[in-house]
Every structure is written in structure tokens, then in C-alpha cells.
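Protein chains: 4
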Amino acid sequence: MSDTGAGRNGMDVFTRLKASALADWQSYVDHDFVRQLGAGTLPEAAFRAYLVQDYLFLIQFARAYALAAYKSRTLNDIRIAQEGVAAILAETELHVRLCARWGLSRADLDAAREEQATVAYTRFVLDCGAAGDLLDLHTALAPCVIGYAEIGRALAPDGADGPNDHPYREWIGEYAGAGYQSVAATARRHLDDLAARTMTDRRFAELSALFGQAARLEADFWQMGLDLGAR
Amino acid sequence: MSDTGAGRNGMDVFTRLKASALADWQSYVDHDFVRQLGAGTLPEAAFRAYLVQDYLFLIQFARAYALAAYKSRTLNDIRIAQEGVAAILAETELHVRLCARWGLSRADLDAAREEQATVAYTRFVLDCGAAGDLLDLHTALAPCVIGYAEIGRALAPDGADGPNDHPYREWIGEYAGAGYQSVAATARRHLDDLAARTMTDRRFAELSALFGQAARLEADFWQMGLDLGAR
Amino acid sequence: MSDTGAGRNGMDVFTRLKASALADWQSYVDHDFVRQLGAGTLPEAAFRAYLVQDYLFLIQFARAYALAAYKSRTLNDIRIAQEGVAAILAETELHVRLCARWGLSRADLDAAREEQATVAYTRFVLDCGAAGDLLDLHTALAPCVIGYAEIGRALAPDGADGPNDHPYREWIGEYAGAGYQSVAATARRHLDDLAARTMTDRRFAELSALFGQAARLEADFWQMGLDLGAR
Amino acid sequence: MSDTGAGRNGMDVFTRLKASALADWQSYVDHDFVRQLGAGTLPEAAFRAYLVQDYLFLIQFARAYALAAYKSRTLNDIRIAQEGVAAILAETELHVRLCARWGLSRADLDAAREEQATVAYTRFVLDCGAAGDLLDLHTALAPCVIGYAEIGRALAPDGADGPNDHPYREWIGEYAGAGYQSVAATARRHLDDLAARTMTDRRFAELSALFGQAARLEADFWQMGLDLGAR
Chain A
1 MSDTGAGRNG MDVFTRLKAS ALADWQSYVD HDFVRQLGAG TLPEAAFRAY LVQDYLFLIQ
61 FARAYALAAY KSRTLNDIRI AQEGVAAILA ETELHVRLCA RWGLSRADLD AAREEQATVA
121 YTRFVLDCGA AGDLLDLHTA LAPCVIGYAE IGRALAPDGA DGPNDHPYRE WIGEYAGAGY
181 QSVAATARRH LDDLAARTMT DRRFAELSAL FGQAARLEAD FWQMGLDLGA R
Chain B
1 MSDTGAGRNG MDVFTRLKAS ALADWQSYVD HDFVRQLGAG TLPEAAFRAY LVQDYLFLIQ
61 FARAYALAAY KSRTLNDIRI AQEGVAAILA ETELHVRLCA RWGLSRADLD AAREEQATVA
121 YTRFVLDCGA AGDLLDLHTA LAPCVIGYAE IGRALAPDGA DGPNDHPYRE WIGEYAGAGY
181 QSVAATARRH LDDLAARTMT DRRFAELSAL FGQAARLEAD FWQMGLDLGA R
Chain C
1 MSDTGAGRNG MDVFTRLKAS ALADWQSYVD HDFVRQLGAG TLPEAAFRAY LVQDYLFLIQ
61 FARAYALAAY KSRTLNDIRI AQEGVAAILA ETELHVRLCA RWGLSRADLD AAREEQATVA
121 YTRFVLDCGA AGDLLDLHTA LAPCVIGYAE IGRALAPDGA DGPNDHPYRE WIGEYAGAGY
181 QSVAATARRH LDDLAARTMT DRRFAELSAL FGQAARLEAD FWQMGLDLGA R
Chain D
1 MSDTGAGRNG MDVFTRLKAS ALADWQSYVD HDFVRQLGAG TLPEAAFRAY LVQDYLFLIQ
61 FARAYALAAY KSRTLNDIRI AQEGVAAILA ETELHVRLCA RWGLSRADLD AAREEQATVA
121 YTRFVLDCGA AGDLLDLHTA LAPCVIGYAE IGRALAPDGA DGPNDHPYRE WIGEYAGAGY
181 QSVAATARRH LDDLAARTMT DRRFAELSAL FGQAARLEAD FWQMGLDLGA R
């Protein structure tokens, strides 16, 4: 996993960030919601609640990539970020179709209220980007962008590659698939590029704190799914 | 209460916003935390947890007023916002002293982690301001700035003006006092001024949604205090 | 020309803005650079200098639309702005090819320094958007987005529809063409939509000042072309 | 001059930036406007034109420090930036009084139009800060904040410490004085602190380009004074 990196000790920046905020990271990628999702035991109500909030999440996520485009200085960087926005907008359409299969109409989605956990993580990311630079922004996005690939891969044996009747087979397959894995690999390299430009040793501690906070807010997002599903 | 306004029906904008998001507003100003605070029955652990998060809140709050100064176009508007930043920085010093009387050192405060509810409301406000204009920013700030004056006034009979041994007498007195009431009255007039410039009827519905969301996030902030106090 | 508008007196917002800042507007659309361009007498050196700076302009212009996407609240508004970014990125590729026909390589373009006039207009627009709301941003963009359509149409009889050997026939045809005219018509309607949401009478004077300043900065941009061509 | 620095070769970051963009720097600090100011031969009309634009400049400059406060993460950094805003607001009052002695009323100042050179430098700085981080912002501000101290010191022998009837004695004395020299020294150390956090060797080239562009825009600002004075 560390062979993509340009950092010291052969570790890429993402690996270093994870190692430095391990407890926060584990609270996110090993969250009960994730375990139940993988085991296929997650209550449908929890998954549906998650899907609705994830739709609202994607809107803010598109804004975060637009922010990255705005903060870019070269045509190439603008283009990369713009393609990110376009990809997220396409993903929301997929999301709407996935929701439809779970009985959630677009009207349901648009009428939904943002939960505290959705507000907390999305606005935290946007504020990291507005107040900081592109490395701050992409560090705050990493638990989501790269973390989902890690979760998808971890769940694949039981999910996407498992029994046909696994209820969350499609979701797991999406993030375990080659397409999304490639997106995440690109994001890891991008983090390395940005770090090579503006990360000193002194700054790493700050980025690690930011990364850990983002991972905790992602864990809170899973917890929200469980809590709403239990109501 | 409506005699300060310049809006229609003799109501100022703040009054209209409250009326349009009444359930959200009540969930905030009549929250159990507030009732227990007024009755003096709030567990000390809840109050202390609140104080710590409120300190972290003030840091982001100072940033919100700095954002208002940045977004201003005239020297006068910059000056008003700058005085807001200075006032909040002074308030944090008062806050540190208040915390000390509750056994919380500055080191405790600086070592504290931001809770989800703190992140959610503060970054929501900052994002409203970054993405929108000054009216969006001040509408998102209003539940805090103006709401605390309303809460202080409502609790005063039992608190600041009540028995000397009320545990939260000092806190209530701070917000019920003439100084803070005047700050809030100025903020109400400022909201009217901003609305006269950029608020059409069509926009009011959007501002009301934003105001309601901010009030709910404030209610979540109180709930966090209760939850942390019960741990 | 005013039949697109939804504003009072049958005038759309763009028409009102032009009327309110007429001298500034005329200094831009009737600038000597424009007249010489239409007459085909503009020195080639001036046109080439303009092309280079216009390339640098487009980079910032793409950032301005990314800023609009970031400042959007709905998927639809994000999508519209994102398509704007994509269109500008495509336009820069066309621009590079146009430059190639005038002997300017991509390396020439990337090595070029931004002139004062390029910095002034582009950063003014970006700051209007960052400090204000979407209406401020699109008002500052209007002289460029909508003004070029007006200039193209005015020059078409002599240029795109004129003699085959007109040196600037291609440039004029681009902006006089149905494709660009449609882009500009959409931008006018968008300005009306935004104004219906956040423009009061009191605000119009501010927007007019901003629009006039943007038009003057566009006139300065033409002047820069003449000045550089005369060196 | 390099004894304040923490950088390599004993040079502080400001010294390295100057050395890397020397031609641009000289075009600014040795500009004809500066020479004539020092010699006392600068036409009064040029100086007055400069004073008016410098007043408009200060408004944007205050916004730039408010942006720094907004982008800060700690109370201490917010406080430092906020004191910067307060100092600039105080400086504008001094500026109004200086202008009055040159026959310029506050009404003259408020009615003045921003010249292209004023827009270009100020919005460039603000955009550097909005798109980048605090190091970008303070690098773009450095030619102004630190450069004026260098110019003041260079002109002091002829100006502040020269004959009593030197027409620009007061202006030179302001920037040559211990108070302003200390402000500039603090700004140099701040630049070093920021660089220690986020400046890698790879980034230095970008900062140097940004610094050089800012110095050229400052030179354009002087030129504007000469041009307006010659009308």
C-alpha cells in the first residue's frame, strides 16, 4: 500500500496521515455501520437514512471541488478540479437511481433536512479549503475520497465478490471496483504532489490533526446512519 | 419586541425570521439545557462541558466577524466588523476567567477537542458567509448573537435578579445585562439595514431556511452540553 | 434589445445597468481598439498582444466560474457554473489554435507575463465574487460575457459578413455567431434571475457602480492592446 | 539587513525573495516617483494624485488583513491580524489628516475613482490570499509593508533628516521612523515563521514569481502617480 508514495520511509503522505491518527482512522473505517454493512446485517432503515444524507453530502462535495478549481493557478489544475466536479455531479445521478431502487424519490431527497453530522463534515471540509490551501482541502477530503476505496476493498470479499443476495452488494461493488480504486489512487498521488510543494515537517502535525478530525467527523456520519435507522 | 424594525407589518427582520421558523426557534431557546440553566438544576458537568466548547466556538466566531470585515466595501463597514472581532477577542479573555472559576485552566481549553455540534454550527456560519453575502452571514449568526440576549432576558428573573446563590447567576447576568442587550439590539438593526439592501420577498424564504437550520444547530449545541454532562 | 428583460419599464437588468453607466459602457464598446478591429486596420502587433493577454484572462475567467460553482447552493446552480468552467476550458483550446495561426505557440502563451490591465480586470471580478454574492460576480462578468456579444454583432456587417480578406473575420465571426449570441442571451436571463432574488432599488446603485468600473477596466484592456502594439 | 533571517545562507525569506526578483524590485524601489520624492522635485499634482489613490488602497489593505484574520486558526493569529486591521484603520485617519494639509477633503477622497493601478495591486493581493494561504497573502503584501520601510530609510538622509523645507519631509519621516521600521521588521519575521511552516524549495519559485509580480504592480502604482500628475 505504501509503494505509491514519494515521502520518507517509503510511505506516501496518506499512509503517514493514517499512521499518525490511527485511533481516529479506525473509529471510522471499522465503525459498526461499516461492519454491519459488510455483514449484510445493517438495518435497511439505517442504510436508507445514510443514502439520503449522502445525497446532501454530495452537493457540498461538488462545491469543495469547485473551491479547488477556484483556488488553482494553472489551467491544468483547474481542469483536474473541474473534472472532479463533473464526476461528482454524474455520481449524484447514479445516487438518485440507487436511491430509487431503495424507494427514495428525488423529491424525497430534495425535501430532506441536513443532519448535524452532514453539516459538520461538509462545512468543515469547505472551511479547511477556504481558510487554508489546496493541501488543507485535500487532506480534509482524504478520509472520504480515499477512505471509501479502503472500505470498499475491505468489504469486497463478503460483499461485491460474495453471495448474490447480499443486500449491499451494489454499494460495496461500486467502491471496491477498479473505477473507484483508480480515483482513490490518483487522489493519493495528488496529495503527495501537493505535500511536496507546501508540506514541511512542522506542518505535518497540523495536517495530521486536521485529518484526524475529518476521520472522526466521518465516523460521526456513520453513527448518524445507525441512530436514524434505530428511530 | 417588534418596535425596532423597519420591515413590513411593523416587524423587523429578526422577528419575521423567528416567526417563520418558530418550531426551530423554540427548540433552541426553550431547550432543556436552557430550562435547567435557568432553574439552577443544570448539572455542573454539563455546564463545564458547554463552557469548554463555547471557548472553541468563540475562536470560530471571531473568524466569522473577520470574514465580515473582509467582505465589507466601505471603511465604516470594515470598522464595525473589526470592532466585532476585537469584542469577541476580549470576550474570550473574560471566558477564560469564567472557566478558571469553574476549575478549567487555559491549558484545558486549548487541549480540548471540538465536538461535532461545535464544528457543525461554526463551520455552517462560516460557509454561509463565504458562499453568500453579509446578509447570509449575519442571518446565520443571529440565533447566537441575538438569541443569547433573548435567553438572558428570559432567565433573568430567576437568575441574575434572583437568589444570590444561583449557580449560573453570573452567566445569566452577562447576557441579561444592558451591555449585551445593547449589542443584540445593534445586531437587529444591522440585519434590517442589510435586508433593506439585498432582501427581496423571494429571498426571504431562503433566509428563513438558513435561520431555521442555524437555530437547530444551536439547539444541538445545548444538547451536546447535556450529553457530555451525562457521560 | 430590451425584449429579453423581466425588469421594470420592460428593461432587463443588463439594459438598466448599461443605461446607468453609459459613458463607461461607450468607452468600452466603442474603444479605438474595437473600431480598428472592425475596420480591419488594427495593427497585427496589437491584436497579437491582445490574444496573449486574453489567454491569460481566460485562466482567471475559468476560476471565476469555479467560484460561482462554489458559491452555489443547489445542484442545478453548481451544474450551470460547472458547465461554464468546462466551456471556458474548451475555449482556451480554441484560443490556443487561433493563437497558433497568428504565430503564437502555447509556450509563448505560458511564458507571457500578465499585464496590469489583465490583472486589474480579472482580480477585480474575482474579488467582487469572493466579497459579494453571485449577483455581484455576474454583474462584474457582464461587460465581458455579454459585451463581447454586443461588439461581435456590431462588427459583423464589416467583419464576419464582410469581405473574405478581413484580417479579423474569424474573431468577429466567433462572437457574432449564433453560438456565442446564445451564451450571452442566457447570461442576460441569469442576471435577471439573480436580481429578482437579491436586488432592491437601493442595491441597484451599487451594482451600477460595480458594472461601470468593470466596463472601464475592459476599456483599459483594449487600451493595453493598442499600447503594446505600438511599442 | 539579513541578520533577522532564519533561512539558509543566513538570509531571511524577504531577502531571498528580493534577490530572486531583483529587476522587479529595483523597478519599484528606484522608481522615478521615489527618486523625485526623495529629491523634493516630485510635482505636487503627482503627490496629491498618489495620496488619493493611497487612501483607496488602504481600504483594500484593511480587507487584506481581515482576510488574514479569517484565515487564521488560532486566537493568537487572529489577534495579530486583527491588530493589523485596527492599525490600518488608524492609519487611514492619519492619512485623511495628511490629505487635508494638501488640500484634499474627506469628501474628495470618498468621491475619487480607483485607478487601474490601484485595482490591479489591491485585488491581486486579495486574490493571492483568497486562493492561496497566509504565506501567499503576506508575500504579496511584502513589497508594500516591508518595501515602504526600505524606501523610507533610503530617502531619510535627504528627507526626514534633511532640510526643514523638504516638501515630502513628513511622508518620508513617517516611513523612516522607528515606529514603521519596527512594523516592517515584525512583518519580516512573520514571513519567516510562515515560510518555516509551508515553504519548501519547490514552492520558493512560485512565491518569487508572486513577489516579483507584486513589486511590478507597486511600480505601476508609482507610475500612475507620475502619469496623473502630468495630466
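Chains as they are written, first to last, in UniProt numbering: chain A, 1 to 231; chain B, 1 to 231; chain C, 1 to 231; chain D, 1 to 231.
Glycine included, each C-beta is placed from N, C-alpha and C at the ideal position.
For clarity, every value in this text was computed on a predicted model and none was experimentally measured.
Could you pull the start and end residues of the alpha helix (DSSP H) that Trp25 (chain B) belongs to?
Trp25 (chain B): member of the alpha helix (DSSP H) spanning Leu22 to Val29, first to last residue.
Taking 7 Å as the CB-CB cut-off, is Leu126 (chain B) touching chain A?
yes
So, at 8 Å on beta carbons, what are the nonlocal neighbours of Phe124 (chain B) in its own chain, with the 5 sequence-adjacent residues on each side left out?
Closer than 8 Å at the Cβ level, and outside the excluded window around Phe124 (chain B), lie Ala140, Gln213, Ala214 and Leu217.
Run through DSSP, which three-state label would Thr41 (chain B) get?
coil
Look at the alpha carbon of Ala209 (chain C) and the alpha carbon of Tyr121 (chain C), and state the distance between them as a whole number of angstroms.
So the two alpha carbons sit approximately 14 Å from each other.
Taking Tyr175 (chain B) as the query, report the chain C residues whose CB atoms sit under 9 Å from its CB, ordered along the chain.
Per Cβ cutoff of 9 Å: no residues; Tyr175 (chain B) is ~32 Å from chain C at best.
Can you name, in chain order, every residue of its own chain whose Cβ lies under 7 Å from the Cβ of Cys144 (chain D), other than the five neighbours on each side?
If you ignore the 5 residues before and after Cys144 (chain D), its C-beta comes within less than 7 Å of the C-beta of Glu218, all in its own chain and listed in chain order.
Can you give the Cα-Cα distance for Ile78 (chain D) and Leu89 (chain B), rounded to whole angstroms?
9 Å
Ignoring anything shorter than 4 residues or poking outside the region 114-162 of chain C, list the alpha helix (DSSP H) runs there in chain order.
116-131 and 134-155
Closer than 9 Å by beta-carbon distance: list the chain B residues that pair up with Gln191 (chain A), in chain order.
Sequence check: residue 191 (chain A) is Leu here, not Gln. Neighbours of Leu191 (chain A) on chain B: none; closest Cβ ~22 Å, over 9 Å.
Only counting the same chain, and skipping five residues up and downstream in sequence, which positions put a Cβ closer than 6 Å to that of Leu37 (chain D)?
Tyr168
Does any residue of chain B have a CB that is nearer than 7 Å to the CB of Asp12 (chain C)?
no
Are the Cβ atoms of Arg188 (chain C) and Phe33 (chain C) separated by less than 7 Å?
If you check the CB distance, Arg188 (chain C) and Phe33 (chain C) do not come in under 7 Å.
Contact between the region 149-161 of chain C and the region 199-208 of chain C: three or more CB pairs below 8 Å?
no
With 16 as the cutoff for other CB atoms within 10 Å, does Ala64 (chain C) come out buried or exposed?
So Ala64 (chain C) counts as buried.
Determine the contact status of Asp127 (chain B) and Asp133 (chain C), defining contact as a CB-CB distance below 7 Å.
Not in contact: Asp127 (chain B) and Asp133 (chain C) (Cβ atoms no closer than 7 Å).
Classification of Thr74 (chain D) by the beta-carbon crowding that lies within 10 angstroms, buried from 16 upward:
Around the CB of Thr74 (chain D), fewer than 16 other CB atoms lie within 10 Å, so the residue is classed as exposed.
How far does the alpha helix (DSSP H) with Arg169 (chain D) in it extend, from its first residue to its last?
Arg169 to Ala176
7 Å Cβ shell around Glu91 (chain C) - same chain, five flanking residues per side excluded:
Leu58
Cβ separation of Cys99 (chain D) and Tyr148 (chain D), assumed to be a contact under 8 Å, to the nearest whole Å:
Their Cβ separation, rounded to whole angstroms, is 17 Å, which puts Cys99 (chain D) and Tyr148 (chain D) out of contact at 8 Å.
Smallest Cα separation from Glu150 (chain D): which of D:Glu170, D:Gly177 and D:Asp193?
D:Gly177
Leu137 (chain B) vs Ala68 (chain B) beta-carbon contact at 7 Å:
yes
Quick check on DSSP: helix, strand or coil for Asp165 (chain C)?
coil
Which residues in the same chain have their Cβ closer than 7 Å to the Cβ of Pro43 (chain A), if we skip the five residues on either side of it in sequence?
Correct list, in chain order: Gly229.
So is Asp220 (chain C) buried or exposed if we call it buried at 16+ other beta carbons inside 10 Å?
Per the 10 Å Cβ criterion, buried.
Give the straight-line distance between the Cα atoms of Gln26 (chain D) and Met11 (chain D), rounded to the nearest whole angstrom.
Approximately 19 Å, taken between the alpha carbons.
Over what stretch of residues does the alpha helix (DSSP H) that includes residue 233 (chain B) continue unbroken?
Residue 233 (chain B) cannot be examined here, being either before or after the span of chain B that is shown, 1 to 231.
What's the C-alpha gap between Leu109 (chain C) and Trp102 (chain C)?
12 Å
Consult DSSP for Met199 (chain B) and reduce its assignment to one of helix, strand or coil.
coil
How about Arg48 (chain D): is its C-beta nearer than 7 Å to some C-beta of chain B?
no
When the Cα atoms are used, what is the spatial distance from Leu22 (chain B) to His31 (chain B)?
13 Å
Run down chain B in chain order and give the residues with a C-beta less than 7 Å from the C-beta of Thr92 (chain D).
Leu75
Run through DSSP, which three-state label would Met11 (chain B) get?
coil
What residues of chain D sit near Asp110 (chain C), judged by a beta carbon separation below 7 Å?
By Cβ distance, chain D contributes nothing, its closest Cβ being about 13 Å from Asp110 (chain C), past 7 Å.
So what's Ser72 (chain D) in DSSP terms, helix, strand or just coil?
coil
If you draw a straight line from the C-alpha of Ala39 (chain B) to the C-alpha of Val52 (chain B), how long is it?
Looking at the two C-alpha atoms, the distance is approximately 21 Å.
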